[in-house]
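Engineer:
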Amino acid sequence: MRLSGKTAIVTGGAQGIGRVIAETFAGEGATVIAVDMTKPDYTCEGVFGYTCNVTDRDGLKAFVADIVGTFGKIDVLINNAGITRDGLLQNMTEEMWDLVCDVNLKGVFNLTQLVAPLMIDQGTGSIVNISSVVGEYGNVGQTNYAATKAGVIAMAKSWAKEFARKGANVRVNSLAPGYINTEMMKTVPDKVLDPIRQKTMLGRLGEPEEIANACLFLASDEASFITGHCLSVNGGLRL
Ligand code: NDP
C-alpha cells in the first residue's frame, strides 16, 4: 500500500492513462479524486469522480475548496489532462494553437497554482506533470502539442526549485510517455504507428498500466529523493 492515507487528484481521470492512474493509486490505498470534463463513472472503491475543466480558473477554485472541505488535504497531484489538435505549421490555426496551450499548459499552471500552496503549508506533497516523448524530441505536425509538453517539463523543474526554496518537502517531476494504447492513439493511422513500433526497442506501443506504475513510483515516497526529473517511459523509442 504505497499511497496509504494519501489523497490524490488525477486530471483527465475519466479515461485512458488518467483512468488507469486513478485505479492504480486507489489499489495502493489512496483516496483518489478523478476530475474530467464529464464526470468520470467509477465503481472502483476509493475513486471519486468530479467534473471540472482545467481551463476554468473559477471552477477550479470551487473544485479545490470542495476537495479540501471534503477530504481535508491534497497529497498528490497528477496533471494528466491533455488534448491534441495536429497540423503542419502552415495549416495550424491560431485556434488550434490556443486550445492546446490552454488545456495542456495553462491547465497545469491553473490547478498547480491552487494546490501547491496547500502542499507547501502542510510541508509535503508530490506533483507529476504528464508530458510526452514529443515534448522531449518534437514531432512533425505537433508544434502546439510539443511546445506544451516541453513546457510542462520546464514547469516541473521550475517548481521543484521554487518549492524547495520554501523549505517544503514538495517534489515536482514529469513523466514522458512514448506511444500508449489509448483513445488518443485510435485516431493515429497504422501507417504512422507501424514505423513507431519498429523504432521502439520493445517493438510495441505501451499500455496505460505501464505509465500508471511509473507515475505511482514518482508520486510515492519510494521516489523521496527525486525532484525536477523527467522520467521517460517509452520502450526505448529514442535509443
Ligand atoms: P485521452 O484523450 O484518452 O484522455 C484525456 C482525458 O483528459 C479525457 O478524458 C479528456 O476528456 C480529458 N480532458 C481533456 N481536456 C480537459 C480539460 N480541459 N479539463 C479536464 N479534462 C480534460 O488521453 P490519454 O489518456 O491518451 O493521455 C493522457 C495524457 O497523457 C495526456 O496529457 C497526453 O498528452 C499524454 N500522453 C499520451 C500519450 C499516448 O500515447 N496516449 C503519449 C504521451 C503522452 P474529453 O474526452 O471529454 O475531452
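Numbering (the numbering used here), first residue to last: 1371 to 1609.
No residue lacks a Cβ here, since even glycine has one placed at the ideal position from N, Cα and C.
None of these values were measured; they are calculated from a predicted model.
(1) Apply the 10 Å Cβ neighbour rule to S1496 and answer buried if 16 or more other Cβ atoms are within range, or exposed otherwise.
(2) Report the rounded CA-to-CA distance for E1592 versus M1371, giving the unit in angstroms.
(3) Applying the criterion that 16 or more other CB atoms from any shown protein chain within 10 Å of the CB defines a buried residue, is G1459 buried or exposed?
(4) Could I get the ranges of all uninterrupted beta strand (DSSP E) runs contained in the region 1390 to 1453, with 3 residues as the minimum, in chain order?
(5) Could you check whether N1499 and V1522 sit closer than 8 Å to each other, using their CB atoms as the reference points?
(6) Could you check how far apart the C-beta atoms of K1409 and G1419 are, in whole angstroms? I think they sit under 8 Å.
(7) Any residue with its Cβ nearer than 6 Å to a heavy atom of the ligand NDP should be included. What is that list in chain order?
(8) Can you give the Cα-Cα distance for T1421 and T1381, rounded to whole angstroms?
(9) Three-state secondary structure (DSSP) at R1372?
Structural biologist: On the basis of the data shown:
(1) buried
(2) A direct Cα-Cα distance of roughly 12 Å separates E1592 from M1371.
(3) The sequence as given places Leu at residue 1459; Gly does not occur at that position. Note on L1459: under 16 other CB atoms within 10 angstroms of its CB, so exposed under the neighbour-count rule.
(4) 1401 to 1406, 1417 to 1421, 1446 to 1449
(5) yes
(6) Their Cβ separation, rounded to whole angstroms, is 5 Å, which keeps K1409 and G1419 in contact under 8 Å.
(7) Result (chain order): T1381, G1382, A1384, Q1385, G1386, I1387, G1388, D1406, M1407, T1408, N1423, V1424, T1425, N1450, A1451, G1452, I1453, V1473, G1477, I1500, S1502, P1547, Y1549, I1550, T1552, E1553, M1554, M1555.
(8) 10 Å
(9) coil
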